[in-house]
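Shown next, in structure tokens, is the structure this report addresses.
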Amino acid sequence: MKNENIASAKNPVPALVDMIRPRQAGAVSLKSGINRTGRISFASDAYRGHRFRVRLYRFMADSIPLINSVIWTWSRLAAAPGRFQFFRNEKAVDDMQARTILDDLFRRLARSNFGHGGSEADLLPPFFQSLFLDGSIAGRMSLREDLGGVDYFKFFDLARTEIRLSKAGEVIAAVSNEAGERTYSGDDIFYYAFNADLADCQGRSILTAVPFVSFVEQQLVDDMQRSMHNAGYHRLHVKIAPPEKRESESDESYMTRANNYFDDTVSMIKNIEPEDNPVTWQDVAIEYIGPRTQGGSKTTSWYINHRAMVEEVCSGTNLAPFLLGYSYNATTNWAQFKYDLVMRQVATVQNAAVTFLNWLANIELALRGFDLEARWEFSNDFSVLAGEQAEVKSREAERVIDLFKAGLIDKDTASRAAARLV
963 MKNENIASAK NPVPALVDMI RPRQAGAVSL KSGINRTGRI SFASDAYRGH
1013 RFRVRLYRFM ADSIPLINSV IWTWSRLAAA PGRFQFFRNE KAVDDMQART
1063 ILDDLFRRLA RSNFGHGGSE ADLLPPFFQS LFLDGSIAGR MSLREDLGGV
1113 DYFKFFDLAR TEIRLSKAGE VIAAVSNEAG ERTYSGDDIF YYAFNADLAD
1163 CQGRSILTAV PFVSFVEQQL VDDMQRSMHN AGYHRLHVKI APPEKRESES
1213 DESYMTRANN YFDDTVSMIK NIEPEDNPVT WQDVAIEYIG PRTQGGSKTT
1263 SWYINHRAMV EEVCSGTNLA PFLLGYSYNA TTNWAQFKYD LVMRQVATVQ
1313 NAAVTFLNWL ANIELALRGF DLEARWEFSN DFSVLAGEQA EVKSREAERV
1363 IDLFKAGLID KDTASRAAAR LV
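Residue numbering for the sequence shown follows our numbering, starting at 963 and increasing by one per position.
Below, the structure written as structure tokens:
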């Protein structure tokens, strides 16, 4: 090609090589055609307001498997089996009639909230799910017209409810619906804020610390999907050199001939079958490109990056990766330590459900005329740890016997200590 066809700084005329197919926008850029208009975007300025955060966390739990697993695991760990114990003057008693009344109460409560009969066990998983996901739990109790017991209890939708505190500390629930806003207050309101601080009575979701990290993790997964989809199969990289301009050939004729040659080559590559082989002049170079590059496979780097994001989300929700099904070669002792740590946290969170169940049960029993107190007790024992727990209790029993034989405790004290181990 002659020098007069090349653009210069003094006379910036487009060169002929800039006017053939590869320089035209979209000539060789083949898009996958995937519509990505529904991708999540993160804007910190819009991340305001309790109701907005509740809707955001619910969307994350419904859409992101890792977040869904976090809420599922925490809710089911906290919703351990349990039962009511009855006390009269701080002495344990067994009253089958009171137990039957409470069974009937929670069967009605399950029906009024879920549309089917159930028990306390049916209320606990949704209770803890709302506590962990929304950051609080709120609802209103209604008594029977004759004050003969609890009629029903309905949970508030916290995506439509704002909790306010009066100067006297009374809880006011402002519920919004299509008809406007209605406020509820009084002793029939139950409210429990999870992880609340002095500046906000709304409570804090367990997902408070992870939206941005989760956004990055989802971007990484999306980028990984597009990259692996594009590089999942070996492809042909075709390089076409522009032909030489002939003598006495006009610029228009040269452009037409070069573009036709380019179009013919592109058409051949597009229509080539798996069993066909391309045949070209030497000015066409064909190379293989695929998932491997000079530095080796990119799979490992994707794995490490995604693992880092998963660990960040787990750290923000106070769970270990192995509790969500991610195995990163944790030792048995380390896994046991993390499990014990989580179960200690579960025991503190369960106080919310204990308060709620005791509140309902004791109101029902008082209205029915029972002179006793009901206390819900969780059982966090698991069969997988039965051997270790039995060994610990055996050592404690031997210690009680040794103290009794040494005369350091009397028989009654030893009996009470042994009874606690049974």
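Beta carbons are placed, not taken as given, at the ideal position from N, Cα and C, and that holds for glycine.
Taking a C-beta distance under 8 Å as the contact criterion, S1037 and Q1091 qualify as a contact pair.
DSSP, read as helix, strand or coil, puts S1081 in coil.
DSSP places D1066 within a helical segment (H, G or I) once states are collapsed to three. Assignment of L1105 by DSSP, reduced to helix, strand and coil, places it in the strand class. Taking P1283 as the centre and dropping the five residues before and after it, the same chain places the C-beta of V1272, E1273, C1276, Y1290 closer than 7 Å to its C-beta, in chain order. Listed in chain order, the non-local C-beta contacts of L1028 below 6 Å within the same chain comprise V1275, local neighbours out to five positions each way being set aside.
With contacts defined by Cβ atoms closer than 8 Å, R1330 and I1125 do not form a contacting pair.
Taking F1117 as reference, the option from G1101, R1106, A1130, K1129 with the minimal CA-CA separation is G1101.
One alpha carbon belongs to I1202, the other to W1243, and they sit about 10 Å apart. DSSP places E1132 outside any alpha helix (DSSP H), giving it a letter other than H or E.
L1322 is positioned such that its CB atom lies no closer than 8 Å to that of A1060. For E1214, the uninterrupted alpha helix (DSSP H) run begins and ends at 1213 to 1233, by DSSP.
In the structure shown, S1147 adopts extended strand secondary structure according to DSSP, grouped into three states. When the beta-carbon positions are compared, R1020 and L1085 stay at least 8 Å from each other. Under the three-state reduction of DSSP output, T1242 falls in the coil class, being neither helix nor strand. With a minimum length of 3 residues, the unbroken runs of beta strand (DSSP E) contained wholly in the segment 1034 to 1067 fall at 1044 to 1050, 1053 to 1055. Taking all protein chains shown into account, H1078 has fewer than 16 neighbouring C-beta atoms within 10 Å of its C-beta and is therefore exposed. DSSP places S1098 within a strand segment (E or B) once states are collapsed to three. Note on geometry: alpha-carbon atoms of A1072 and F1174 lie some 36 Å from one another. Taken atom to atom, the span from the alpha-carbon of Q1312 to that of V1304 is near 12 Å. E1339 has R1045 as its beta-bridge partners, per DSSP.
Sorting D1374, L1365, V1316, E1353 by C-alpha distance to the C-alpha of R1045 places V1316 at the top. Each residue's CA atom was taken as its position, placing L1370 and R1382 some 19 Å apart.
Look at A1315 here: in three-state DSSP terms it is helix. Taking C-beta atoms as the reference points, G1097 and R1017 fail to come closer than 8 Å. For V1016, the enclosing alpha helix (DSSP H) has its first and last residue at 1012 to 1025. The alpha-carbon of F1224 is positioned some 43 Å away from that of F1177. The beta-carbon distance between F1049 and D1056, rounded to whole angstroms, is 11 Å. This is too long to meet the 8 Å contact definition. Check the Cα spacing between A1309 and each of E1211, S1025, V1112, L1039: the tightest is with L1039.
Beta-bridge partners assigned by DSSP to G1142: N1139.
Sequence-distant partners of D1245 (beyond 5 residues in either direction) whose C-beta falls short of 6 Å from its own C-beta, in its chain, are A1203. For S1104, the closest alpha carbon among the candidates I1151, R1015, F1076 is that of I1151. By the C-beta density criterion, R1106 is exposed, having fewer than 16 other C-beta atoms within 10 angstroms. Contact between A1136 and T1123 holds, with the beta-carbon distance rounding to 7 Å and staying under 8 Å.
Of the residues assessed, E1179 falls on the buried side of the cut-off, its CB having 16 or more other CB atoms within 10 angstroms. Restricting attention to D1065, D1066, E1082, L1169, the CA atom closest to the CA of R1015 is found in L1169.
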